[in-house]
Amino acid sequence: MVQRTVTQITDDLDGSLGARSVTFAFEGASYSIDLSEANRARLREALAPFIENAVREGGPEGRRASSAGTWRREDLQEWAKDRGYRVGDRGRVPQSIVDEYLSTR
1 MVQRTVTQIT DDLDGSLGAR SVTFAFEGAS YSIDLSEANR ARLREALAPF IENAVREGGP
61 EGRRASSAGT WRREDLQEWA KDRGYRVGDR GRVPQSIVDE YLSTR
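Following full-length UniProt numbering, the residues of the sequence shown are numbered contiguously, the last one being 105.
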């Protein structure tokens, strides 16, 4: 006999299926909420004017590229080399270089 356990994550606002956890911080407190794609889009839209004018802090939340749009590593490497940075073809690119690259886009 096969026994299978299925975990379904529901949206904390409307109860719809297919939610994913979203974490954010505000005034020193961290929050986590499960949201559907539609409600994640609503949250992104609501926060967009604040995020666009805020200064990004360090830590894992500050290292996500998705909030700054998508970019290719090859483009970053070419950009960095054109500006005199020593960047290898493999391995991690220093966050300071990534941040500078993203600020020019």
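Think of the CB as a built atom: it goes at the ideal place given N, C-alpha and C, for glycine as much as any other residue.
Quiz item: Does DSSP put LEU13 in a helix, a strand or coil?
Solution: coil
Quiz item: Among the residues of its own chain, which have a CB less than 6 Å from the CB of ASP12, if the five just before and after it don't count?
Solution: ILE33, ASP34
Practice problem: Evaluate SER36 with the Cβ neighbour count: other Cβ atoms within 10 Å of its Cβ, from every protein chain shown; 16 or more gives buried, anything less gives exposed. | Solution: buried
Exercise. Indicate whether ALA19 and THR5 have their beta-carbon atoms separated by less than 8 Å.
Key: no
Practice problem: Pull up the distance between the alpha-carbon of GLN95 and that of TYR101, whole angstroms please. | Solution: 10 Å
Quiz prompt | Exposed unless 16 or more other CB atoms sit within 10 angstroms - verdict on LEU76 | solution = buried
Quiz item: Hey, out of THR104, GLN3, PRO49, whose CA is closest to ARG83's CA?
Solution: THR104
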